[in-house]
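>
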Amino acid sequence: MTKQTRPISWLKAARKEFEYFPVGAQEICWAALTIAAEGSKADIAKPMTGMGSGVFEIALRFQGNAFRVMYAVQIDNDLWVIHAFQKKSKTGIKTPKQEVDLIKERLKRLKELLQ
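Right, here's the structure in full:
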């Protein structure tokens with residue numbers, strides 16, 4: 022039985038944000054997204070709390086910086102990349118509230134769009 026790899030789709034804004042990541046960070050995140058598209062979970066991905074099931078966060082430390090990519094696996098046939106950003110917060114590991122609000126808003130709009 023062959024594995025079914027899901028297409029990876031991007032919200033336009035998330036793709037634009039992701040393109041600002043250093044190439045090495047992009048490659049690592051792409052590898053993690055590919056693993057997710059194949060039905061598994063990369064070591065650097067974890068469920069994102071407070072977003073409901075099926076929303077994951079790739080947390081990457083790269084060259085002294087922190088990068089995050091959020092994706093959803095339960096919205097559609099595709100794996101959807103919802104948000105990508107470089108974490109600038111120096112106050113611990115918590116995702117900043119403005120980023121969480123943005124992710125929630127994008128998730129809501131994406132679900133409405135695909136209904």
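Numbering (our numbering), first residue to last: 22 to 136. All C-beta atoms, glycine included, are put in the ideal place defined by N, C-alpha and C. Please read these numbers as outputs of a predicted model, since none were measured by experiment.
So is VAL44 buried or exposed if we call it buried at 16+ other beta carbons inside 10 Å?
Along the sequence shown, read from residue 1 onward, the residue named residue 44 stands at position 23. Label assigned to VAL44: exposed.
> Please identify the residue among LEU131, THR70, LEU123, ILE79 whose C-alpha is closest to the C-alpha of ALA52.
For the purposes of this step, residue 52 is identified with residue 31 of the sequence shown, where counting begins at 1. Ranking the options by Cα distance to ALA52, first place goes to ILE79.
> Using alpha carbons as the reference points, say which of LYS132, TYR41, ASP99 lies closest to PRO28.
Here residue 28 is taken as the residue at index 7 of the sequence shown, counted from 1. Residue ASP99 is the option with its Cα nearest to PRO28.
> Please say whether LEU81 and ILE49 have beta carbons closer to each other than 7 angstroms?
As a first step, residue 49 must be located in the sequence shown, where it is residue number 28. As a first step, residue 81 must be located in the sequence shown, where it is residue number 60. Yes, these two residues count as a Cβ contact at 7 angstroms.
> Mind checking whether HIS104 and ALA58 have CB atoms under 7 angstroms apart?
The sequence position of residue 104 within the sequence shown is 83, counting from 1. The sequence position of residue 58 within the sequence shown is 37, counting from 1. No. Outside cutoff.
> So what's ILE103 in DSSP terms, helix, strand or just coil?
As a working mapping, residue 103 is identified with position 82 in the sequence shown. In this structure, ILE103 counts as strand in the three-state DSSP scheme.
> Identify whether LEU131 lies in helix, strand or coil by the three-state DSSP scheme.
Counting from one through the sequence shown, the residue named residue 131 turns up at place 110. LEU131 falls in the helix class under three-state DSSP.
> May I ask you to report which of helix, strand or coil DSSP gives LYS37?
Counting from 1 along the sequence shown, the entry for residue 37 is found at position 16. If DSSP states are grouped into helix, strand and coil, LYS37 belongs with the helices.
> Under 7 angstroms Cβ to Cβ from ASP97, same chain only, skipping five residues before and after it: list those, please.
Taking the sequence shown and counting its residues from 1, one reaches residue 97 at position 76. Taken in chain order, the residues that qualify are LEU135.
> If VAL76 and ALA93 are in contact, beta carbons under 8 angstroms, what's the gap, nearest whole angstrom?
Numbered from its first residue, the sequence shown carries residue 76 at position 55. Numbered from its first residue, the sequence shown carries residue 93 at position 72. Contact flag correct, Cβ pair sits at about 5 angstroms.
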